[in-house]
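Visitor:
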Amino acid sequence: MTAEIMKDIKKKIYEHKIYDRVFSLIGVILTFMVLMVLFVLLIDLMRNGVPRLSVSFFTSYPSRFANRAGILSAWVGTILVMTVTAIAAVPIGVAAGIYLEEYARKNWITNLIEINITNLAGVPSIIYGLMALGIFVYQLELGQSILTAGLTLSLLILPIVIVSTREALRTIPIGIREAAQAAGATKWQVVKDHLVPYSAGGVFTGIIIALSRAIGETAPLLTIGALTFIAFLPDSPFMGEFPYISFDWLLSPFTVMPIQMFNWVSRPQIDFHKNAAAAGCVLIFMSIGMNALAMYLRYKYRKKIQW
Amino acid sequence: MNKAEVKKLSFYYSSVQALKDISLPIEEKKVTAVIGPSGCGKSTLLRCFNRMHDLYPGNRYDGEILLHPDSINLVGAHIDPIEIRMRIGMVFQKPNPFPKSIYENVVYGLKVRGIKKKRLIDEKCEKSLRDAALWEEVKDRLHKPAFNLSGGQQQRLCIARALATEPEILLFDEPTSALDPIATARVEELIEELKEKVTIVIVTHNMQQAARISDSTAFLYMGELIEFGKTKQLFTNPREKKTEDYITGRFG
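Top to bottom, those sequences are chains A and B. Take the first sequence: its position 213, counting from 1, is numbered 220 in our numbering, and each next residue is one higher. Take the second sequence: its position 96, counting from 1, is numbered 111 in our numbering, and each next residue is one higher.
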């Protein structure tokens, strides 16, 4: 009798386990397919691009001659635009995240704001470009400048920064907040002494992921009128005499890495395509570098914090 | 001598009434236990004392809790809850040390109060850790993270954190429910020692614990105070049928 039942149960278990195997097999195959495609793309890019990489490639301006052209104005532009983006998006995004998560009353207005922030993260980036063209370029007359580009990209990544800040805050147990407030802390003291330090790892990760999305954006910058051929650098932010710091670079025209690539790819000559591949390699290393930094920061902060 | 008096206290979570017309005295430098089955409102009552309910929207108090000697109404609408929390400490169900060093945990209350003098802070840190019977175990690793401590040590650290600011009343919300029997015994011992210095209110679902460590006991059921009396009397000779049923294990 028991043997009979056991046989039955074993058969059932065996049947159920088949699904486990089938599913993991499909999962493995699909994962490998995706990885293979990425790998092939990467190899192809490297094969075309790496031979073109040299010191002069980083220190030369674009040129009519493919072998003399370089990415100096593009990588400088990328770094400057990213700086503006980070300076604009990080304080606003983190503050908005903290406000929404910790201070805002939960009612239909905050719900509406929440839904819209989540939706904004999914709006095509070219829409941001169009809006920036209308507001920053025409209304505020900031020109087709680094400032405009940075602000445009900061709008683009604000939702990501806000959402990741809120998620980082949500991982902090309610007990920590209650413990601090029971000790007589005000909300601001809780935020400053506990929530910000404990969520820093998650927040940094979110910021860097957001910035590494912004670094590859092309469409919104083309929309606001980024140039594709820039044979000069913006003014230096540092000066020899008083007041030592200059903000003229903010209003200077610019190009960035993906736009430079886009420009080279659209040329008929095969040598320019190699330049594009080389610039692509640099861009990929930039964003891998940023992601590695994000991983390091997360690891560093996780190690310190446990509950 | 009463340290506090709960007078006709009602409490509402939005529209749900969680406490109904509760009145009881809290004796100074004694342990008052609040017992009752899950959901009877005992934690709710405790959290009225330091206005923890104010952290969440929609909660409402009715009636008063007078804190002596100045007779301020703890749940009065015009009383700043932060002022209350500076005078009344709390230890929670689950040990909740901050992910900081042991030292930073103990002195957090002082930091919140803007105390900067390093010597004073160090002194208070040592004193509270001694009072919480933790000093000998941690004196060599004050600047190590608090989460390396065991659960029982973490709970005693939380007690030290609450003691550092010399509260007038110390609230315990089921402080041993997450601890093993040995750690529980140590915390109970500690509570008995602490009552010489501070008035204690403890919520517990463990009747033996209430019988062991408290001087007075309140039995709550469905948000109502069924019986309040000396612990010995309540456990040996309860006046109410419901109390008797509960302490003899017939329900709850």
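For glycine and all other residues, C-beta sits at the position ideal for the given N, C-alpha and C. As the structure is a computational prediction, the values presented were derived from the model and not from experiment.
Which stretch, first to last residue, makes up the alpha helix (DSSP H) that contains aspartate 260 of chain B?
Guide: 256-262
Visitor: Only counting the same chain, and skipping five residues up and downstream in sequence, which positions put a Cβ closer than 7 Å to that of leucine 154 of chain A?
Guide: Val91, Leu257, Leu258
Visitor: In chain order, which alpha helix (DSSP H) runs of at least 4 residues are fully inside the segment 149-198 of chain A?
Guide: Positions of the alpha helix (DSSP H) runs, each at least 4 residues long and wholly inside the segment 149-198 of chain A, are given as 153-177, 181-189, 194-197 in order along the chain.
Visitor: Beta-carbon of methionine 222 of chain B versus every beta-carbon of chain A: anything under 8 Å?
Guide: no
Visitor: Between methionine 16 of chain B and phenylalanine 243 of chain B, what straight-line distance do the alpha-carbon atoms span, to the nearest angstrom?
Guide: Taking the straight line joining both Cα atoms gives about 16 Å.
Visitor: Quick one: list the residues of chain B neighbouring glycine 182 of chain A, beta-carbon separation under 7 Å, in chain order.
Guide: Phe107, Lys109, Asn111
Visitor: Can you list, in chain order, the residues of the segment 21-45 of chain B whose Cβ is nearer than 9 Å to any Cβ on chain A?
Guide: Sequence-ordered contacts of the segment 21-45 of chain B with chain A are nonexistent [C-beta pairs closer than 9 Å].
Visitor: Sorted by chain position, which residues of the same chain lie with C-beta nearer than 6 Å to alanine 186 of chain A's C-beta, five sequence neighbours on each side aside?
Guide: none
Visitor: Can you check DSSP and say which residues form a bridge with phenylalanine 113 of chain B?
Guide: DSSP output for phenylalanine 113 of chain B lists no bridge partner at all.
Visitor: Does chain A have any CB closer than 8 Å to the CB of arginine 176 of chain B?
Guide: yes
Visitor: Cα separation between threonine 232 of chain B and arginine 171 of chain B?
Guide: Taking the straight line from one Cα to the other gives about 23 Å.
Visitor: Does leucine 149 of chain B get closer than 8 Å to chain A when you measure Cβ to Cβ?
Guide: no
Visitor: Contact defined as beta carbons within less than 8 Å: I believe threonine 47 of chain B pairs with serine 229 of chain B. What is the distance between those atoms, to the nearest angstrom?
Guide: 6 Å
Visitor: With 16 as the cutoff for other CB atoms within 10 Å, does proline 69 of chain A come out buried or exposed?
Guide: buried
Visitor: With 8 Å as the threshold, decide whether the Cβ of tyrosine 110 of chain A is near any Cβ in chain B.
Guide: No, no contact with chain B.
Visitor: For methionine 105 of chain B, does the count of other Cβ atoms within 10 angstroms reach 16, so buried, or fall short, so exposed?
Guide: buried
Visitor: Where does lysine 44 of chain B fall in DSSP's three states?
Guide: coil
Visitor: By Cβ distance, which residues of its chain are closer than 7 Å to alanine 177 of chain B, with the 5 residues on each side in sequence left out?
Guide: Gly104, Met105, Val106, Leu185
Visitor: Quick one: give me the first and last residue of the alpha helix (DSSP H) that glycine 100 of chain A is part of.
Guide: 79-105
Visitor: Can you confirm whether the segment 21-40 of chain B touches the segment 74-90 of chain B when touching is taken to mean that 3 or more C-beta pairs between the two stretches lie within less than 8 Å?
Guide: yes
Visitor: Quick check on the burial criterion: 16 or more other C-beta atoms within 10 angstroms. Buried or exposed for serine 38 of chain B?
Guide: exposed
Visitor: Could you tell me which residues DSSP pairs with glutamine 32 of chain B in its beta bridges?
Guide: The partner list for glutamine 32 of chain B (beta bridge, DSSP) reads B/Tyr27.
Visitor: Find the residues of chain E that neighbour valine 218 of chain B, judging by a C-beta separation of less than 8 Å, and give them in chain order.
Guide: Absence of chain E from the displayed structure is noted, the protein chains being A and B.
Visitor: Could you check the C-alpha separation between isoleucine 307 of chain A and asparagine 74 of chain A for me, to the nearest Å?
Guide: The question names isoleucine, but residue 307 of chain A in the sequence shown is lysine. Approximately 43 Å, taken between the alpha carbons.
Visitor: Helix, strand or coil, according to DSSP, for glutamate 181 of chain B in the structure here?
Guide: coil
Visitor: By how many angstroms is the C-alpha of serine 80 of chain A removed from the C-alpha of glycine 129 of chain B?
Guide: One C-alpha to the other measures close to 51 Å.
Visitor: In the DSSP assignment, what are the bridge partners of tyrosine 76 of chain B?
Guide: B/Phe26
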